[in-house]
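Enquirer: Following the UniProt record's numbering, the numbering of the sequence shown begins with 1 at its first residue and continues without gaps. Ideal Cβ placement from N, Cα and C applies to all residues, glycine included. First, the structure itself, so that you have it in front of you.
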Amino acid sequence: MYDFVVVGVGPPGARFARRAAEEGYDVLALEKGRVGEPLACSGHVSTDVWEFTGEGAREELFQNEIYGARFHVDGPHSDAYPFYKREVASNVIDRVGLDRHLADLARDAGADVREEHTVTGVTEHRDRVAIVASGPEGTVEFEAKMVAGCDGPRSRVREELALPEPEEFLHGVLAFSDEADHEDFVDVHLTPPTFFAWRIPRGEAGVEYGLAAPPGVQVTKHFEELIDGYEIDVAHRCSGAIPIGPPDRVTTRRAFLVGDAAAQTKPFTGGGILYSMTSADHAAREIDPDRPTTLAAYEHAWRDDLEREQRLGRWIRRAYSLPEPVQRIGLGALSGEIGVHMDRPTSLVSMDHLKALLSRA
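The following block contains the structure:
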């Protein structure tokens, strides 16, 4: 009988497994394949990511420094509206390496992390949860006081326990080219309906190209237009669902969701690495596997922390669908130095941002 079985060993699962193990709990973490594979998430993150990593992580995972973004209403050769900071705004990192680093930290803390274990069944009982998985040696069964569903946007735990789904799923596409690029700006294109496309320089690791849009939009067509506009060849393509909008409930009596499974993501970018690990910390801090009522404290804690950011993020996203002339006027008026944190829309009303705006005058 484990205290926790964690399903999924991406950033939220690895972070929760590590923190719970550090608290002395008996933790089993199951990953359906190899940790970090297949890649289905961008490696562009705020510098806050290093607060969640261990010694030597930056030297191992760092690829490039980013100071700002150029926004485009049209394709690669259209007018650019730059937004920038005087200090480093974000980093580009080895995304697969990050997952493996975080999983190693969980192992070091005492969690039992097992790869190649695909969870096929989750049954909740009054006093325990039963988990069935397919492993290298066949079907195996585990029991735990609680189960943590950290298994992504198409969560098996969420499905098995009939928890509500996120409000929507975007279709995201990533591809990479091999040419080295140490430029310190990303490019954002507001061409796909209701969302955007991007180009991220990754130093010696090459360049990342991506695009996301809701179901029904011709994502492949828009992505090909982006690639053709940059006149490059790409390889290593991957795609996946991006959950937006948390459901009303992410817990049952003995189960809870963290990360993409709970749509703990930024509505205006789809990113969720920092939000998910922050929520994992809340889970480890609030949940006692011997006291199911503590799950309510987790629900309250993560929503209280992220609700304002996600609400403001929705308003930012609405600007992606404004008429093109309005977008041009708005971007032209607002472009320049900013004091905004990429993970916190509330920083739009911060003293740092106010100082940056006043410095333009």
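1) Less than 6 Å between C-beta atoms, sequence neighbours within five positions excluded: which residues of the same chain meet that for ARG237?
2) At 3 residues or longer, and completely inside the region 154–235: list those beta strand (DSSP E) runs for me, N to C.
3) Closer than 8 Å is the cut-off here; do at least three beta carbon pairs connect the region 40–52 with the region 86–104?
4) Check for me: the alpha helix (DSSP H) holding GLY332 runs from which residue to which?
5) By alpha-carbon positions, which one of THR278, ALA180, PHE169 and THR294 ends up nearest to ALA205?
6) In whole angstroms, give me the CA-to-CA distance for GLU60 and HIS222.
7) For VAL217, which of GLY229, GLN63, PRO193 and LEU226 has the nearest alpha-carbon?
8) Where TYR320 and PRO214 are concerned, what is the direct C-alpha to C-alpha distance, given to the nearest angstrom?
9) Would you grab the beta carbon distance between PRO247 and PRO164 for me? Rounded to a whole angstrom, and I think it's under 8 Å.
10) Pairs of beta-carbons, one from the region 259–266 and one from the region 27–40, closer than 8 Å: are there three or more?
11) Is the beta carbon of VAL188 sitting closer than 9 Å to the one on HIS300?
12) Please state if the CB of ALA130 and the CB of GLU137 are separated by a distance shorter than 9 Å.
13) Taking 9 Å as the threshold (C-beta atoms), are PHE83 and SER335 in contact?
14) Among ALA280, ALA235 and TRP302, which one has its Cα closest to the Cα of VAL9?
15) Can GLU168 and GLY110 be called in contact, C-beta distance under 9 Å?
16) Please name the residue in GLU87, ALA333, SER155 and VAL207 whose C-alpha comes closest to that of HIS182.
17) What residues match up with TYR81 in a beta bridge as DSSP calls it?
18) Does the separation of the CB atoms of residue 364 and ASP3 fall below 9 Å?
19) Curious, which full-length beta strand (DSSP E) runs of at least 3 residues does the region 237–289 contain?
20) Checking the sheet assignment: what are the DSSP bridge partners for SER30?
21) Taking the DSSP output, what are the residues bridged to MET351?
22) What would DSSP say about VAL340, mapped onto helix, strand or coil?
23) Which residue from ARG314, ASP79, ARG253 and GLY271 puts its Cα closest to that of ALA296?
24) Per DSSP, what kind of secondary structure is VAL35 in: helix, strand or coil?
25) I'd like the list of long-range same chain contacts for PRO267, defined as Cβ closer than 8 Å, with 5 residues on each side in sequence excluded.
26) Beta carbon of TYR67, beta carbon of PHE185: below 9 Å?
27) In chain order, what residues of the same chain lie with their CB nearer than 6 Å to the CB of LEU105, ignoring the 5 residues before and after it?
28) Who are the Cβ neighbours of ASP74 in its own chain at under 6 Å, not counting the five residues just before and after it?
Expert: According to the structure data:
1) ALA175
2) 168–177, 185–189, 197–201 and 207–213
3) yes
4) 324–334
5) ALA180
6) 34 Å
7) PRO193
8) 13 Å
9) 4 Å
10) no
11) no
12) no
13) yes
14) ALA280
15) no
16) VAL207
17) PHE71
18) Any property of residue 364 remains undetermined from this structure, which presents the chain solely from 1 to 361.
19) 255–257
20) Reading the sequence as shown, one finds Leu at residue 30 and not Ser. In the DSSP output, where bridge partners are listed per residue, LEU30 has VAL7 and ARG114.
21) Paired residues: none, contrary to the question.
22) coil
23) ARG253
24) coil
25) ILE244, GLY245, GLN310, GLY313, ARG314, ILE316 and ARG317
26) yes
27) ARG18 and GLY54
28) none
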